[in-house]
Amino acid sequence: EKEDVDAMVEAFRRMLRIFSAPSLAPYVAAFHPATPAADATEAEISDYVRSSIRTTWHYSCTTRMGPASKETVCDPRGRVHGLSNLRVADAGLMPEVVSGNTHAACVMIGDRIGSFI
712 EKEDVDAMVE
722 AFRRMLRIFS
732 APSLAPYVAA
742 FHPATPAADA
752 TEAEISDYVR
762 SSIRTTWHYS
772 CTTRMGPASK
782 ETVCDPRGRV
792 HGLSNLRVAD
802 AGLMPEVVSG
812 NTHAACVMIG
822 DRIGSFI
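All you need for the numbering used here is the position in the sequence shown, starting with 1, plus 711.
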């Protein structure tokens, strides 16, 4: 989406300004050679953002559980709606992202879904 890329371009420009500040100079040896310079065009930064920025978070809520609807994929026992012998037992089941780290929730989900098998 264009607005997502625009937001990332702005965030990238801010990151460059922050890490180029004299007060951080002792801690920043250099940027990666592929990193666009502070005076790079919007198109150059946009190309860089599109080709190299990735999430570092654990994906979740991608196969939400709940009653069969357009917004859910699995029932509360992890069974995929409309298919037999297929379950999901990971962070995808969460209807909403937990406020803390997803690890503990994933362990609980795996244990609980495992008890249904």
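Don't be surprised by glycine CBs; every beta carbon is placed ideally from N, CA and C.
Excluding sequence positions up to five away, which residues of its chain have a Cβ less than 8 angstroms from the Cβ of residue i?
i, result
"residue 775", "782, 783, 784, 785, 803, 804, 805 and 806"
Between the Cα of residue i and those of the options, spot the shortest distance and give me the residue it belongs to.
i, options, result
"residue 728", "819, 716, 742 and 715", "742"
"residue 813", "759, 822, 754 and 771", "771"
Helix, strand or coil for residue i? Go by DSSP, reduced to three states.
i, result
"residue 817", "helix"
"residue 728", "helix"
"residue 805", "coil"
"residue 798", "strand"
Per DSSP, residue i forms a beta bridge with which residues?
i, result
"residue 829", "Coverage of the chain is limited to positions 712 through 828, which leaves residue 829 absent and any answer about it impossible."
"residue 776", "785"
Below 8 angstroms on the Cβ atoms is my guess for residue i versus residue j; work out the distance and round it to an integer in Å.
i, j, result
"residue 747", "residue 756", "5 angstroms"
Residues in its own chain within less than 7 angstroms of residue i by CB, not counting five upstream and five downstream?
i, result
"residue 809", "816"
"residue 753", "720"
"residue 759", "747"
Under 9 angstroms, Cβ to Cβ, is there at least one residue of chain B near residue i?
i, result
"residue 741", "No chain B appears in the structure shown, which is made up of a single protein chain."
Might you give, ordered along the chain, the residues of its own chain that have their beta carbon closer than 6 angstroms to the beta carbon of residue i, omitting 5 neighbours on each side?
i, result
"residue 739", "730"
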